[in-house]
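Numbering (our numbering), first residue to last: 219 to 468.
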């Protein structure tokens, strides 16, 4: 799970206590992914547990919250898989309605947000300052908390997550990768959950370059590895751009 704190942060953030429905318990120290970003006293934190079982419930206890945060792993044991997917969200009134609608959906196993998440690009607002960038991400996280607090969510990178980083002098994924924790390199990975195999793909980088070639090789190898598996019925790929683009649409 991840969260941000607008108050003055401390590297000595108190550990988060946890228990699980299978009897495991312990404590985790959060990882600070962003601290005092561009002059703002804010920090983004992440904690993660591994080797969990299907349908395992985890309770996270924070010192400053009266009730634990509850998370549950999912297990797909159905002939039919139901999930929700949408993209190009932002923080408009329409975006908030989408978030509220998903929060009322009790039948979907998980949600995929298909890129162009917050539209938090500082180059387009306030003459390139960071104000919109920082606040927009926080507004987007807060808006979606109505469903992310109790649903499994996977994030796909879109072209608006590939932002200009002036200090590094190039386009990077720093903005999203410093806020969201996902498997592998966080831009493309496999969710292996029989009878479903779900490939999350970075469609920004399918062009002919080193990173794009590495990802294409990974896609080929992954598809080959699951091709003949009897426990996989559903092979699903999720990415931001249209599958077959005849002309550039932006």
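Cβ coordinates follow ideal geometry from the N, Cα and C atoms, glycine included.
Taking the Cα positions, residue 358 is about 12 Å away from residue 394. Bounds of the alpha helix (DSSP H) holding residue 365 are 349–366. Between residue 458 and residue 403, the C-beta gap is not smaller than 9 Å, which leaves the two residues out of contact. If the five residues before and after residue 231 are omitted, its C-beta is found closer than 6 Å to the C-beta atoms of 248, all from its own chain and listed in chain order.
For residue 410, the secondary structure class from DSSP, reduced to helix, strand or coil, is strand.
In this structure, the straight-line span from the alpha carbon of residue 292 to that of residue 461 is close to 28 Å. Look at residue 432 here: in three-state DSSP terms it is helix.
Straight across, the Cα-Cα distance linking residue 304 with residue 389 is about 25 Å.
A buried status is given to residue 362, since no fewer than 16 other beta-carbon atoms sit within 10 Å of its beta-carbon. Of the candidates 300, 233, 366, the residue whose Cα lies closest to the Cα of residue 278 is 233.
When DSSP reads this structure, residue 297 sits in no beta bridge, so it has no partner. The way I'd put it, the stretch 237–246 does touch the stretch 268–282; three or more beta-carbon pairs between them come closer than 8 Å.
A distance of 9 Å or more separates the beta carbons of residue 290 and residue 321. Excluding sequence positions up to five before and after residue 397, its CB lies within less than 6 Å of the CB of 262, all in the same chain and listed in chain order. DSSP, reduced to helix, strand and coil, places residue 455 within a strand of the structure shown. Around residue 399, the same chain offers 220, 264, 266 as residues with beta carbons nearer than 7 Å, after the five sequence neighbours per side are excluded.
Only residues of its own chain outside the window of five on either side were considered, and among them 303, 330, 332, 372, 374, 416, 417, 418, 419 have a CB closer than 8 Å to the CB of residue 456, listed in chain order. The beta carbons of residue 299 and residue 327 sit closer together than 9 Å. Excluding sequence positions up to five before and after residue 316, its CB lies within less than 7 Å of the CB of 304, 307, all in the same chain and listed in chain order. In the structure shown, the three-state DSSP call for residue 398 is coil. Minimum Cα-Cα distance from residue 314 among the listed residues 432, 451, 454, 364 corresponds to 364.
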